[in-house]
Amino acid sequence: MLTYEAVVTVLISEAERAGLAIQFSQEQLDPHSLSRTLSISCQPAKQRDHHMEHVVATISFTWDAALTAISVMGSDAICALYHDSDEPCLHAIEGCAYNVDLDFDLTYAIPLTEEQRFNVVNIPQLTEAIQIATKDKTFDFQPLDIDVQLHFTGEYMAFVGTVTGRQSWPFGEALHEEHELRQEIRDLMQNVSKVLDALQQFQAPMPVLEDDAENEESELASLPDRTYLRPPTA
């Protein structure tokens with residue numbers, strides 16, 4: 001099984017190969033569980049305009065202590081902790097003493113204009129438009145999960161703080177062979193690049209105008225009155 005360091009090396013190299021520029025990276029170690037977390041934030045390298053905001057993709061994963069033990073000591077050493085070497089064990093047949101399961105979490109920070117931030121009424125249309133723009137670019141052709149954070153000023157005025165798209169990419173057997181892992185991460189980075197391009201070219205829907213709301217109310221008022229009969233009672 002590949003080590004944490006090998007996974008990180010492949011991840012960074014394939015990000016650069018896909019034309020992504022890594023803007024920020026961070027590693028964390030939990031002193032209690034000994035799990036390790038890596039996150040990298042990247043943008044398309046071709047974006048040169050530093051005066052405008054761009055979509056930022058953050059890729060992160062958590063490597064738990066069991067993965068560290070297996071990748072460093074091997075499955076045989078793990079099995080030796082639980083039973084004798086001559087005892088039949090499914091782990092020896094499967095080649096791994098632990099169910100290898102690793103998810104890469106993808107988040108996309110989507111910048112908004114000042115007008116879009118204060119147009120709170122238009123949030124449902126905004127999120128739907130983002131999902132439609134990226135649906136055919138995701139690896140599973142499913143819309144992104146959208147998180148919208150609202151802020152409120154001291155004058156009780158609401159505005160949109162952040163808009164974030166979320167997606168998860170599962171890994172499993174690819175963690176045993178480097179060439180398989182490299183191909184998986186290559187596909188992942190190409191997918192991230194496509195979603196970034198789609199979000200960068202995304203056009204927010206037009207806000208609902210007050211005139212449209214007034215026209216809708218007038219149309220409802222012009223409808224003929226309806227008579228509703230009371231249902232019979234016992």
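Every letter in the sequence shown is one number past the one before it in UniProt numbering, and letter 83, counting from 1, is 83. C-beta: ideal position from N, C-alpha, C; glycine also.
Alpha carbon of residue i to alpha carbon of residue j, nearest angstrom
i, j, result
"Ile70", "Gln43", "34 Å"
"Ala213", "Lys135", "For Ala213, the predicted model reports a pLDDT of 47, less than 50, meaning its position is unreliable; a value from the coordinates is still stated below. Whole-angstrom Cα-Cα distance: 30 Å."
"Arg36", "Glu155", "43 Å"
"Arg17", "Asp84", "46 Å"
"Arg182", "Pro31", "30 Å"
"residue 259", "Ile130", "Nothing can be reported for residue 259: it is not among the residues displayed for the chain, which extend from 1 to 234."
"Leu199", "Ala133", "7 Å"
"Met73", "Glu115", "56 Å"
"Asp187", "Lys137", "12 Å"
"Ala6", "Glu128", "38 Å"
"Val8", "Ser33", "20 Å"
"Leu126", "Glu87", "60 Å"
"Arg117", "Thr153", "13 Å"
"Ala15", "Ala65", "26 Å"
"Met189", "Ile123", "29 Å"
"Glu173", "Ser193", "24 Å"
"Glu180", "Thr113", "41 Å"
"Phe104", "Pro143", "17 Å"
Cβ-Cβ separation, residue j to residue i (assumed contact under 8 Å), whole Å
i, j, result
"His54", "Pro111", "7 Å"
"Val120", "Ala158", "5 Å"
"Phe139", "Asn191", "5 Å"
"Leu29", "Glu178", "About 24 Å separates the two Cβ atoms, so there is no contact after all."
"Thr58", "Ser41", "5 Å"
"Phe171", "Leu102", "4 Å"
"Val10", "Ile146", "Contact flag wrong, Cβ pair sits at about 29 Å."
Pair within 9 Å by beta-carbon distance, residue i and residue j
i, j, result
"Leu175", "Leu20", "no"
"Leu106", "Tyr4", "no"
"Tyr108", "Val148", "no"
"Ser60", "Ser39", "yes"
In DSSP terms, what residue i is bridged to
i, result
"Pro44", "Leu20"
"Ile156", "The amino acid occupying residue 156 in the given sequence is Tyr; Ile does not appear at that position. Its beta-bridge partners do not exist; DSSP assigns none."
"His151", "Phe159"
"Ile59", "Ile40, Leu106"
"Asp145", "Arg166"
"Glu53", "None, per the DSSP bridge assignment."
"Ser25", "Ile40"
CB contact check: residue i to chain B, cutoff 9 Å
i, result
"Phe24", "In the displayed structure, chain B is absent; only one protein chain is listed."
Near the ligand NAP: residue i beta-carbon under 8 Å from a heavy atom
i, result
"Ser39", "Among the components modelled here there is no ligand, and therefore nothing to report on the ligand NAP."
ask   = Do the region 20-35 and the region 163-173 make contact, defined as three or more Cβ pairs closer than 8 Å?
value = Touching, no, given that fewer than three Cβ pairs across the two stretches are closer than 8 Å.
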